[in-house]
Amino acid sequence: MTSTASSMDSTGSTDHRPVPAPHDQRPSSWQQRLRRFGYTAGRPVGDVRERLVPPYAQPAPRLWQSLGLPPVWTDRILRWSGWGGPLLITLVAGVIRFWNLGSPEKVIFDETYYAKDAWALVHRGFEVNWDKNANDLILSSGGHVTVPTDAAYVVHPPVGKYVIGLGELLFGFDPFGWRFMTALLGTLSVLMLCRIGRRLFRSTFLGCLAGALMAVDGLHFVMSRTALLDGVLMFFVLAAFGCLVVDRDKARERLAAALPPDVDGRCRPDAHIAETTRLGLRPWRWAAGVMFGLAIGTKWNGLYIMAAFLLMTVLWDVGSRKVAGARRPYLTVLKHDTGLTFLATVPVALVTYLVSWTGWILSPSDGSGGYYRNWAATDGKGGNWTWLFPDWLRSLWHYEHEVFEFHTHLTSPHTYQSNPWSWLVLGRPVSYFYESPAPGADGCPTDAGEKCAREVLAIGTPLLWWAACFAVLYVLWRWIFRRDWRAGAIACGIAAGYLPWFMYQERTIFLFYAVVFLPFLCLAVAMMIGALIGPPGSSDTRRVAGATGAGVLVLLIAWNFIYFWPLYTGTAIPIDDWRSRMWLDTWV
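When you line the sequence shown up against numbering that gives the first Met the number 0, it's residues 0 to 587, in that order.
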C-alpha cells in the first residue's frame with residue numbers, strides 16, 4: 000500500500016497524473032509490461048511534501064455563482080463546506096433514522112436478547128434469565144418490570160449491550176429507548192464516513208458522496224433502527240479506521256516538516272531524515288486502540304479487523320518512510336514505529352476490553368453474581384499455577400473459552416441464515432418482523448382488498464450493493480496496478496470485515512453481519528464514481544458524459560432506497576406491492 004501522489008479537482012475525480020520518469024529512472028521491464036494494465040507506481044513527482052501531504056481539492060465556486068450568491072457568501076460556503084456538507088448529510092440521515100423510531104412497537108428479531116440483556120447490565124452488572132413471557136410484560140407495562148437475579152449464559156461481550164442500555168436509561172425500557180443509541184451511532188457513523196472519505200480522497204465532494212450513499216443504504220438504515228450489536232460494532236470499527244487515517248496524515252506531516260528545502264524551496268528525499276526522524280507518541284493511534292477494544296468488547300470479530308488494520312498501518316509507515324527517502328524503510332519502521340504501534344493498540348485494546356467487564360467482575364463470586372463468576376472458587380480450584388492469577392481473571396478466562404467453543408460449533412439451522420458468498424449480491428436477507436394486517440388495521444388501506452404485508456427486512460439497497468460489486472473490482476485493480484494506498488485501505492476494510500466469515504461457512508451466520516464492512520463498500524463506490532466523472536484535464540465532453548452517468552447512478556440508488564422504504568420501516572402495503580419488491584425468490 001505504498002503512497003502515490005494524489006490530486007483531485009473540484010469535480011472529485013480520483014485519478015492523478017504523475018510526472019513521467021526521467022531517463023535515469025526508467026521503469027524496469029516488468030513495470031513496462033504492467034503499463035498495459037494501468038500500472039503507474041514508481042514515477043516521481045516534484046516536491047516530496049506534496050507526496051507526503053497531498054493538498055485538498057478546492058471546491059469550484061461556479062455552482063454558487065450561478066445561483067446568484069454574492070462573492071462573500073460564496074467564499075463562506077466554500078470555506079465551511081468541509082464541515083457544512085457532512086453535517087447536512089448527517090442531518091438528513093438522522094431525521095430519517097429517528098423518524099417513528101419506536102415502530103414497530105414490538106420486540107423484533109434478536110432484540111428479544113439484547114434489549115433485555117442491556118437492561119439487566121445497567122441494573123445488575125450482568126445478564127439474567129428472563130421469563131418466557133417477559134416481552135409481552137415489558138410492552139404492556141411500559142417497561143416497569145422487576146429485573147430477575149438468576150445469571151444467564153450469554154455469548155457476546157458487554158460493550159454493545161451497555162450502549163443499548165444507555166438509551167434505555169435515558170428514554171425508558173421500550174422500543175424507542177432500546178433503539179435510541181443504535182440510531183444515534185448510525186447517524187454519527189454517516190458523519191464519520193463523510194469526514195474520513197474527505198480525508199482519504201482529499202475531496203469534500205467524494206467524502207460527502209460516500210456518507211450520502213451509506214445514509215440511503217437499507218441495511219445500515221435497518222440496523223440503525225434495531226437494537227442489535229452489529230451496528231454498534233460497525234461504529235467502533237469505522238472510528239478506529241478514522242483514527243488511523245488521521246494518524247497517518249499527522250505522521251506524514253511530521254516527516255514533511257523535517258525535510259529541509261533546497262535552494263528552490265522544494266523538498267527532496269533525504270535518507271538520513273527519513274531513517275532517524277521519530278514521530279512522537281501519536282495519540283490518534285492510542286485512540287484507535289481504545290476503539291479496537293470497544294469493537295472487540297461488542298463482538299469478537301473485531302479481533303480480525305484489528306489485526307488487519309495494524310498490518311495496514313505498518314505498511315503505511317513503510318510507504319511514508321520510503322517516500323521521505325529511507326533506503327531501508329522496513330528496517331526503519333521496525334526500529335522506530337512498530338513497537339509503539341503495538342503498545343498503542345494491542346495492550347490498550349486489551350485493557351479497554353477488560354474494563355468493559357467491570358460489572359461482571361464486581362458482581363458477587365458466591366454464586367449470586369454473573370455467570371461463571373464463581374468458577375475459580377468452585378470447579379476451577381486446584382492446579383499448580385492458579386495462585387499467579389486472581390480468581391476473577393481465571394473465571395473470566397474460562398467463560399471466554401466456553402464462549403469460543405460455542406461460536407465455533409454453532410451449526411443450528413436458521414430460516415434466514417446465509418453463506419458469505421451470497422452477501423454482496425444480497426442473496427438471502429433477514430426478516431426481522433412480519434405481520435399481515437387486515438384492511439383498515441395497522442396502516443393497511445381500507446381498499447386493499449386483501450391482507451397487507453408489514454415487514455422489516457434487513458437488506459441493503461440493491462442497486463448500491465450491486466454497484467459495489469464492480470467497485471470492489473475497481474479498487475483492487477487500482478491498488479494492485481496503480482499502487483493507490485486509498486484503494487488498498489478500502490480493500491483492507493472490506494477484507495477484514497468480510498473474508499474471516501469464509502472460515503465459518505458451516506456456522507449459522509447472517510447477511511446483516513456485512514454491515515461492519517458496509518462503510519468501505521460505500522467508499523469503494525464513491526471512488527469508482529470519482530473515476531467515472533473523469534480525471535483532471537479531460538475534455539468537457541468526457542466530463543459531461545462522466546458526470547451524467549455518475550448522477551444517474553446516484554439518483555437510481557436514492558430512488559431504490561425510497562422504493563424499498565416500506566420494507567425498511569415496517570409500513571403496511573398491499574400484498575401485491577410487497578410481492579413487486581421481492582426481486583429474488585430468496586428474499587421471501
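Ideal Cβ positions, reconstructed from N, Cα and C, are used throughout, including at glycine. Just so it is clear, the structure is predicted and the values come from calculations on it, not from any experiment.
In the structure shown, Phe432 adopts extended strand secondary structure according to DSSP, grouped into three states. In this structure, the alpha-carbon of Pro259 lies about 19 Å from that of Gly318. Spatial neighbours of Gly159 in its own chain (CB-CB distance under 6 Å, excluding positions within 5 residues in sequence) are listed in chain order as Leu228, Val231 and Thr297.
The beta-carbon distance between Pro499 and Tyr303, rounded to whole angstroms, is 4 Å. This is short enough to meet the 8 Å contact definition.
Annotation for Arg277: His335 place their beta carbon closer than 7 Å to its own, counting only its chain and skipping 5 residues before and after. Counting only runs of at least 4 residues, the stretch 498-570 fully encloses the following alpha helix (DSSP H) elements, listed from N- to C-terminal order: 517-532, 539-562 and 564-568. DSSP places Glu126 outside both helix and strand once states are collapsed to three, so it counts as coil. Around the CB of Met305, 16 or more other CB atoms lie within 10 Å, so the residue is classed as buried. Taking a C-beta distance under 8 Å as the contact criterion, Gly324 and Ala257 do not qualify as a contact pair. Rounded to whole angstroms, the Cβ separation of Pro428 and Leu463 is 14 Å, and the two are not in contact under 8 Å.
Gly217 and Phe432 do not touch by the CB rule: their CB atoms are close to 14 Å apart, not below 8 Å.
Sequence-distant Cβ neighbours of Met581 in its own chain, meaning closer than 7 Å and more than five residues away, are Val587. Closest in C-alpha terms to Met526, from the list Leu208, Met290 and Ala546, comes Leu208. Under the DSSP assignment, Cys443 falls outside any alpha helix (DSSP H); it carries neither an H nor an E label.
CA-to-CA, the gap between Cys266 and Pro534 works out to about 26 Å. Here Arg197 has Thr203 and Gly206 as same chain residues with Cβ atoms under 6 Å from its own Cβ, once five neighbours each way along the sequence are excluded. Residue environment for Tyr152: exposed (fewer than 16 other C-beta atoms within 10 angstroms of its C-beta).
Counting of Cβ neighbours within 10 angstroms places Gly166 among the buried residues, the total reaching 16 or more. Three or more Cβ pairs closer than 8 Å define a contact, and the stretch 75-92 falls short of that threshold against the stretch 128-136. The criterion of a C-beta distance shorter than 8 Å is satisfied by Phe179 and Phe170. Beta-bridge annotation (DSSP): Glu454 is paired with Tyr433. Counting C-beta pairs closer than 8 Å gives fewer than three between the stretch 468-480 and the stretch 436-455, which falls short of the contact rule. Pairing Arg326 with Arg320, the inter-Cα distance amounts to about 9 Å.
The continuous stretches of alpha helix (DSSP H) do not include Gly141, and DSSP gives it neither H nor E.
Taking C-beta separations shorter than 7 Å and ignoring five residues to either side along the sequence, the partners of Asp365 in its chain run Asn373, following chain order. Going by beta carbons, Val524 and Ala486 fall outside the 8 Å limit. Lys131: not part of any alpha helix (DSSP H); DSSP gives it neither H nor E. The stretch 178-193 and the stretch 86-98 touch, with three or more beta-carbon pairs separated by less than 8 Å. Here the stretch 283-293 lies against the stretch 241-255, with 3 or more beta-carbon pairs under 8 Å apart. When rounded, the separation of the alpha-carbon atoms in Leu425 and Val215 is 16 Å. Excluding the 5 residues flanking it on each side, Phe509 has same chain C-beta neighbours closer than 7 Å at Tyr415, Gln416, Ser417 and Val429, in chain order. Per DSSP, Asp575 is one residue of the alpha helix (DSSP H) stretching across Ile574 to Ser579. Nearest C-alpha to His271 among Leu310, Val322, Ala307 and Phe291: Val322.
About 6 Å separates the CB atoms of Arg96 and Gly185; that is less than 8 Å, so the two are in contact. When the Cα atoms are used, Ala117 and Ala348 turn out to be separated by approximately 22 Å. In the three-state reduction of the DSSP assignment, Pro54 falls in the coil class, being assigned neither a helical nor a strand state.
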